[in-house]
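Peer 1: In this note's numbering, the protein residues as written are 14 to 115. From the three backbone atoms N, C-alpha and C, an ideal C-beta is built for every residue, glycine too. Keep in mind the model is a prediction, meaning the values are calculated, not measured. Here it is, the structure, as structure tokens.
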Amino acid sequence: FWTRRGYDVAITPDGPRGPKYEVKEGIVMLAQLTGLPVVPISAQIHSKKVFGSWDAFQLPLPFARCDIRVGQPVRVPRESGPEEREAFRRTIQERMMELTID
């Protein structure tokens, strides 16, 4: 819906309940159904408040510097079966971890 109107869509691939850094199947299925790529993106915020939530949510402080890393897109063919979707899920997770700075 949003992408057809020209908007970009960002989704946290570890889901609303975590665990942190574990890519869930939902993002793979969305990519498969929509034909849109998954583009891994990571942000490192230098001045921030870190919350005590499961994902250690970070709120940038005013004028904070933020380094953004963007990885290679992953496309999931519409005809992918369960085994292929799992392989794409692992690929997305690996690419996310390559970009992640903790």
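Taking C-beta to C-beta, are Pro53 and Ile114 nearer than 8 Å?
Peer 2: Against a cut-off of 8 Å, the Cβ pair of Ile114 and Pro53 comes out as no contact.
Peer 1: With DSSP run on the structure shown, which of helix, strand or coil describes Leu49?
Peer 2: Here Leu49 sits in coil by DSSP.
Peer 1: Round the Cβ separation of Ser55 and Met109 to the nearest angstrom and send it over; I've been treating them as touching at under 8 Å.
Peer 2: The pair is a contact, with the Cβ atoms about 7 Å apart (cut-off 8 Å).
Peer 1: Can you check DSSP and say which residues form a bridge with Leu72?
Peer 2: Answer by DSSP bridge pairing, in chain order: Lys62.
Peer 1: Nearest to Gln45 by alpha carbon, out of Pro90, Glu96, Glu97, Thr16?
Peer 2: Considering only alpha carbons, the answer is Pro90.
Peer 1: According to DSSP, is Ala77 helix, strand or coil?
Peer 2: Ala77: coil per DSSP, three-state reduction.
Peer 1: Going by DSSP, what residues sit across from Gln57 in a beta bridge?
Peer 2: Gln57 is bridged to Asp80.
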